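Numbering (our numbering), first residue to last: 16 to 157. A virtual CB, placed ideally from N, CA and C, is assigned to each residue, including glycine. Just so we're clear, the structure is a prediction, and the values are computed from it rather than from any experiment.
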Amino acid sequence: MAFERTFSIVKPDGVARNLIGKIVARIEADGLRVAAAKMKHLSRRDAEGFYAVHKGRPFFEELVTSMSSGPVLLMVLEGDGAILKWRDIMGATNPAQAAENTMRKLYGRSIGENTVHGSDAPETARQEIAWFFPESEIYTKN
Ligand code: CMP
16 MAFERTFSIV KPDGVARNLI GKIVARIEAD GLRVAAAKMK HLSRRDAEGF
66 YAVHKGRPFF EELVTSMSSG PVLLMVLEGD GAILKWRDIM GATNPAQAAE
116 NTMRKLYGRS IGENTVHGSD APETARQEIA WFFPESEIYT KN
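Okay, structure coming up:
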């Protein structure tokens, strides 16, 4: 499996419910490491830019409102097969369809408040990481 980086967000609903520790514990227990982390209260403009690929979709306005409703935890995760591994830990986008013991099944409240975000492919991972983290803030170990 290739050594990869992926991007993750603990969304406002997760931070507000004090779930950071549980989510990071699971990330580490499943063999990924946190290579960068910071909290940030996204502005509407930040959220619109980050999710620009979804602009025009019916849920875009609600997504931007919810992502800018409170602070988030932004992280770069790394490890073997990190992109797929983090997606497996998160579970399906809609918590109602997420597998048992995934973050979204355990903690998600709705498709809009699904607690965590993760990159879906290597190119998006690179773009999403670069949106928030200069290389000098990422502490790689390999
Ligand atoms: P996320 O993985 O952060 O990527 C885009 C987000 O849009 C997604 O999680 C959901 O929280 C949100 N969203 C809201 N409605 C939908 C929908 N119908 N389909 C996909 N994503 C949605």
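- Query: Just to confirm, does residue 26 get its C-beta within under 8 Å of one of the non-hydrogen atoms of the ligand CMP?
  - Reply: yes
- Task: Would you decide whether residue 108 is buried or exposed? Buried here means 16 or more other CB atoms lie within 10 Å of its CB.
- Result: exposed
- Query: How long is the line joining the alpha carbons of residue 95 and residue 20, rounded to whole angstroms?
  - Reply: 9 Å
- Message: Buried or exposed, going by whether 16 or more other CB atoms sit within 10 Å of the CB of residue 143?
- Response: buried
- In angstroms with no decimal places, state the Cα-to-Cα distance between residue 128 and residue 81. 8 Å
- Query: So, is residue 8 buried or exposed, given that buried needs 16 or more other C-beta atoms within 10 angstroms?
  - Reply: With the chain represented from 16 up to 157, any question about residue 8 goes unanswered, as that position is not in the structure.
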